[in-house]
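The numbering used here applies: residue 348 is where the sequence shown begins, and numbers increase by one.
Ideal Cβ positions, reconstructed from N, Cα and C, are used throughout, including at glycine.
What you are looking at is a predicted structure, and each value in this text was computed from that prediction instead of being measured.
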Amino acid sequence: MIQVLHGNFLYTPSLGTLETVPDGYLVLQDGRTVGIFSELPERFSDAERTDFKNALILPAFTDLHLHAPQYPMLGMGMDLPLLDWLERYTFRTEARFGDPDYARRIYRELAQKLIENGTTRVAMFSSLHTDATLILMEELENAGVSGYVGKVSMDRNSPDYYTESTEQSKRETLRWLKECERFRTVRPILTPRFTPSCSDGLMRWLGDVAREYDLPVQSHLSENHSEIAWVKELAPSCERYWETYARAGLWKPKTLMAHCVYSDEIERKAMRDYGVTAIHCADSNINIASGTAPVRQMLEEGVHVALGSDIAGGAQINMLEVMQMTIRASKFKRMESGWKTDFLSVAEAFYLGTTAGSSYFGAKPGFGEGEPLHAVVIEEGRLPDADRLTLRERFERAVYLSKPQDIVAVYAEGKRVK
Ligand code: GUN
Ligand code: FE
């Protein structure tokens, strides 16, 4: 089936560039993009048309680091630093997902919230519960959110009510992977929570599984001073945090490492050399006062960077708000550096939250030809003067001011889901 969408198209093909196709036509064949045209070619003139008139049509958002079972604690416990925040709020909240009915209710709501906010692809942490993780994957797939979900592994330094033995962790991981065969657009990703939560034996076993099953990996890296000091105590033979993952075989292309606030030049070089992606979570880093990651420097050094909301360390599920926070954090970093490092522009932050994220899933920049459409349609009707502004100005304003209700349509995997 051929469909045509009409509106103003904007996308960021590379860091810092913004392409616009005003008053254009996007042609879809069975949900896949044929092309974007300034004038609709004659051969498509009879196709079903959806007219978004003067609205902005943008690539949908990618959130490459968030914790699904922390959704119920959004906006709470933010006055604590990371390790206290985990002890006092996070583990207790995640432990509730041992109840499948609770998991079903919360995860259905979360999946819907992601779509309403225009996030269509994710890399997500679940809890350590296999059943709740499968429920999460089902709910995401049903709502139209695709990407990766990980059953969390944690067999040490965790509270009695929320931990697993090494053997149990291995057994449950294998059961989970077997059950994952039934999913199509939501796939498994191995997820050691972070080095303090995983014994050396479990880490190495996960490294073997990653290789045998050809699975991607996600975890946390160099987020907070106390965490880094703890890792140093736990793994004295590792010069740097990243080596605790590398020695287990978990440091490889398709590995996602959240935060990297304190990754120094050598750790950043290891990311670049091995093709590990740094997931920048500005809102979370500021909320729990972890620090501000050197994103501009990482980009200049050739590290692949994408954005994460990191809910519930981050309090915003809406990736436009995460982009705003990314820009503000980068400006703070600039001031802190004595105005030496550059900040991130709106188009650059947008690139990190769309193109950089979707490339992790193998997608081309923007609305890639032959690929299933992932797009959001924004109508900023409640804001004044759209007619007098350039598309670039409207784009900037949309990044700063759009609310979920302004996202009037969302396409995911080629289907309209909002
Ligand atoms: N490090 C280990 N677990 C977590 C978590 O749940 N959130 C964040 N931000 N950092 C972590
Ligand atoms: Fe996190």
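N- and C-terminal bounds of the beta strand (DSSP E) containing residue i
i: D657; result: Element bounds for D657: n/a, residue is neither H nor E.
i: L549; result: Where L549 is concerned, there is no enclosing beta strand (DSSP E), although the alpha helix (DSSP H) it sits in stretches over 547 to 560.
i: D630; result: Premise fails: D630 lies in the alpha helix (DSSP H), 629 to 634, not in any beta strand (DSSP E).
i: P447; result: From DSSP, P447 is part of no beta strand (DSSP E) but of the alpha helix (DSSP H) over 447 to 463.
i: V724; result: 722 to 725
i: Y495; result: 493 to 497
i: M348; result: M348 -> no beta strand (DSSP E), and no H or E assigned at all.
i: F472; result: 466 to 472
i: L568; result: 564 to 568
i: A756; result: 754 to 759
Short CB-CB distance (under 8 angstroms) between residue i and chain D
i: P447; result: Among the chains of the structure shown, chain D does not appear; only one protein chain is present.
Residue i CB to nearest heavy atom of the ligand FE below 7 angstroms
i: H567; result: yes
i: G371; result: no
i: D657; result: yes
i: H572; result: no
i: H414; result: yes
i: G685; result: no
i: G660; result: yes
Sequence-distant residues of its chain with Cβ nearer than 7 angstroms to residue i (five each side left out)
i: A640; result: H606, C607, V608, H627, N632
i: R744; result: E727, L730
i: W552; result: K517
i: R443; result: Y449
i: A710; result: E718
i: T440; result: P416, Q417, P419, M420
Residues near residue i in its chain [Cβ-Cβ closer than 8 angstroms; skip 5 each side]
i: E488; result: F530, R531, T532, V533
i: T673; result: H627, A629, V642, L654, L691, A696, L699, G700
i: F714; result: F356, Y358, L373, T380, I383, P406, L720, A722
i: S512; result: D502
i: M618; result: W589, M604, C607, S610, T624, A625, M645, V650, H651
i: L597; result: L537, P539, M550, L553, G554, A557, V564, S566
Option nearest residue i by Cα separation, candidates the options
i: Q459; options: M484, T437, D478; result: M484
i: C527; options: E647, R468, F690, T477; result: T477
i: S705; options: P751, I725, K601, N634; result: K601
i: S569; options: R615, L524, R435, R551; result: R615
i: Y524; options: S512, E366, T538; result: Note that residue 524 corresponds to Leu in the displayed sequence, not to Tyr. Out of S512, E366, T538, T538 has the C-alpha closest to the C-alpha of L524.
i: H353; options: V496, P369, G717; result: P369
i: L413; options: N665, E514, P360, S684; result: N665
i: A396; options: G491, I349, T737; result: Rather than Ala, the amino acid found at residue 396 in this sequence is Arg. Among G491, I349, T737, the Cα nearest to that of R396 is on I349.
i: Y495; options: S566, S544, R594, F541; result: S566
i: F541; options: V578, R522, L562; result: V578
i: T409; options: M423, V492, E559; result: V492
i: I364; options: P712, L562, G638, R455; result: Per the sequence presented here, residue 364 reads as Thr, with Ile not at that position. Ranking P712, L562, G638, R455 by Cα distance to T364 puts P712 first.
i: D393; options: L362, D426, A415, V351; result: V351
i: E559; options: L521, E586, S544; result: L521
i: D446; options: I462, L481, M471; result: L481
i: F472; options: N504, Y621, A659; result: A659
i: L592; options: S573, H572, Y621, E612; result: Checking the sequence shown, residue 592 turns out to be Tyr, not Leu. Checking every option, the nearest Cα to that of Y592 belongs to Y621.
Heavy atom of the ligand GUN within 7 angstroms of residue i beta-carbon
i: L603; result: no
i: T437; result: yes
i: S631; result: yes
i: R619; result: no
i: R540; result: yes
i: L433; result: yes
i: L429; result: yes
Where the alpha helix (DSSP H) containing residue i begins and where it ends
i: V578; result: 572 to 581
i: Y698; result: 693 to 700
i: L537; result: Here L537 belongs to no alpha helix (DSSP H), and DSSP marks it neither H nor E.
i: Y747; result: 738 to 748
i: L603; result: Element bounds for L603: not the alpha helix (DSSP H) but the beta strand (DSSP E), 602 to 606.
i: A676; result: 666 to 683
i: V642; result: 642 to 647
i: R529; result: Neither: R529 is in no alpha helix (DSSP H) and is coded neither H nor E.
i: T364; result: Premise fails: T364 is in no alpha helix (DSSP H) and is neither H nor E.
i: L487; result: 477 to 490
i: A595; result: From DSSP, A595 is part of no alpha helix (DSSP H); its letter is neither H nor E.
i: R315; result: This structure cannot settle anything about residue 315, because the visible part of the chain is limited to 348 through 765.
Contacts around residue i, its chain only, beta-carbon distance under 6 angstroms, and the 5 residues preceding and following it disregarded
i: G465; result: A407, F408, V723, I754, V757
4-residue-minimum alpha helix (DSSP H) runs that sit fully inside the region 370 to 457, ordered along the chain: Segments of the alpha helix (DSSP H) lying fully in the region 370 to 457: 429 to 432, 438 to 442.
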